[in-house]
Amino acid sequence: MSYIIADKLVKKFGKGDAAVAAVADISFQIEEGDFVGIMGESGAGKSTLLGIMGAMNAPTSGQLIVDDIDIYSLGQEQRADFRREFLGFIFQSFHLVPYLTVMENVMLPLVVVKAARNKKREMAKVALAQVGLLEKAARLPNQISGGEKERVAIARSIVNEPPVLLADEPTGNLDTKTTREIMELLLQFNQEGMTIVMVTHSPACANYAQRILRVTDGRLAEDESKQRSIEKWERNERKREPLLSQDQKIVAASPPIG
Ligand SMILES: Nc1ncnc2c1ncn2[C@@H]1O[C@H](COP(=O)(O)OP(=O)(O)OP(=O)(O)O)[C@@H](O)[C@H]1O
Ligand SMILES: [Mg+2]
């Protein structure tokens, strides 16, 4: 059974005749450790789909199964627990709290975690070190650059070490160099085993994914899994020693659905 299963997802906004399906019957499966890109025109339904996958936005019909759990059959509280334990989010508009320091922003998701404050600080430090921002931990968001804000948002999204990371245009407004840094960071998390689903408009960013889901008018237009897997593998092979796990992943890559 696949790690994430989206089965006939539909999300309609509005009522009766005026209802519009932002997501109109989308099905796919994602394996553990996949790096999936979601592309498509503005208004195609990408963020809506990501919201459904993030247990934040119930579909009008269809099912989302993650790790054998039927997410929208859970009650509100259980679903919130699931979100906390399973998911990291990176939103395009960083959502940093302006009056909290970098460190405090990163510690936010840990508010609900039962652990000593010292332990939480340690976790936040580890996350900040991973994005290379430990030395700016005491600054406020308006004292760091846009790219650094993005990295704080990433540190915050991984501070509780979630198995799944959902990112909505994580490099939306960043320059090429910073974008590359962020993407290399995400690639590193992915290679450490994190499953990543990332919405992006940028082909350069999408290239980091093993597989691209292309959404058009709320439907899945294309699933480029195999080709992407091969390209990624070739790219990795050029960059470093071939990774057996990467190789195995291609063999295990799921066939396009639908
Ligand atoms: N809460 C809402 N109420 C009504 N319509 C909505 C709502 N959220 C999104 N929509 C509509 O659903 C469609 C898909 O929106 P969505 O935000 O998923 O697009 P997107 O692919 O993420 O676009 P972009 O690339 O611009 O972010 C759009 O037509 C949008 O106007
Ligand atoms: Mg969007």
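Position one of the sequence shown corresponds to residue 4 (the working numbering), numbered consecutively onward.
Here a beta-carbon is modelled for each residue, glycine too, at the ideal position from N, C-alpha and C.
Every value quoted in this text rests on a predicted model; they were computed, and no experiment measured them.
Rounded C-alpha distance that separates residue i from residue j
| i | j | result |
| --- | --- | --- |
| isoleucine 203 | lysine 117 | Correcting the residue type first, residue 203 is threonine in the shown sequence and not isoleucine. Looking at the two C-alpha atoms, the distance is approximately 34 Å. |
| lysine 229 | arginine 214 | Annotation note: pLDDT 48 at lysine 229 (below 50); position unreliable, no value reported. |
| methionine 197 | proline 166 | 5 Å |
| serine 148 | aspartate 20 | 46 Å |
| isoleucine 199 | serine 160 | 12 Å |
| threonine 63 | glycine 78 | 16 Å |
| asparagine 163 | arginine 87 | 8 Å |
| isoleucine 185 | leucine 169 | 14 Å |
| valine 109 | methionine 4 | 34 Å |
| alanine 9 | aspartate 171 | 18 Å |
| alanine 156 | lysine 139 | 14 Å |
| phenylalanine 16 | threonine 219 | 17 Å |
| glycine 43 | glutamate 80 | 33 Å |
Cβ shell of residue i (< 6 Å), same chain only, five flanking positions each side left out
| i | result |
| --- | --- |
| alanine 224 | Arg217 |
| lysine 11 | Asp28, Ser30 and Gly65 |
| alanine 61 | Tyr75 |
Pick from the options that is closest to residue i, judged by C-alpha positions
| i | options | result |
| --- | --- | --- |
| glycine 54 | Ile72, Gly36, Gln81 and Val13 | Val13 |
| methionine 106 | Val39, Lys128 and Ala119 | Lys128 |
| glutamate 195 | Glu35, Phe85 and Ile93 | Glu35 |
| phenylalanine 85 | Ile93, Gly221, Val69 and Phe94 | Val69 |
Contact test: residue i Cβ vs ligand 2 heavy atom, cutoff 7 Å
| i | result |
| --- | --- |
| valine 218 | no |
| valine 202 | yes |
| tyrosine 18 | According to the sequence provided, residue 18 is lysine. The question's tyrosine does not apply to it. For ligand 2, not one heavy atom lies less than 7 Å from the Cβ of lysine 18. |
Residue i Cβ short of 7 Å to ligand 1 heavy atom set
| i | result |
| --- | --- |
| serine 45 | yes |
Cβ-based neighbour list, residue i, same chain, cut-off 7 Å, excluding 5 preceding and 5 following
| i | result |
| --- | --- |
| alanine 337 | Since the first residue of the chain shown is 4 and the last is 261, residue 337 is not available in this structure. |
| arginine 142 | Thr104 and Val105 |
Local Cβ density within 10 Å of residue i, reported as buried at 16 or more and exposed below that
| i | result |
| --- | --- |
| aspartate 73 | exposed |
| alanine 25 | buried |
| proline 206 | exposed |
8 Å Cβ shell around residue i - same chain, five flanking residues per side excluded
| i | result |
| --- | --- |
| leucine 111 | Val100, Leu103 and Arg159 |
CB contact check: residue i to chain B, cutoff 8 Å
| i | result |
| --- | --- |
| serine 64 | Among the chains in the structure shown there is no chain B, since it carries only a single protein chain. |
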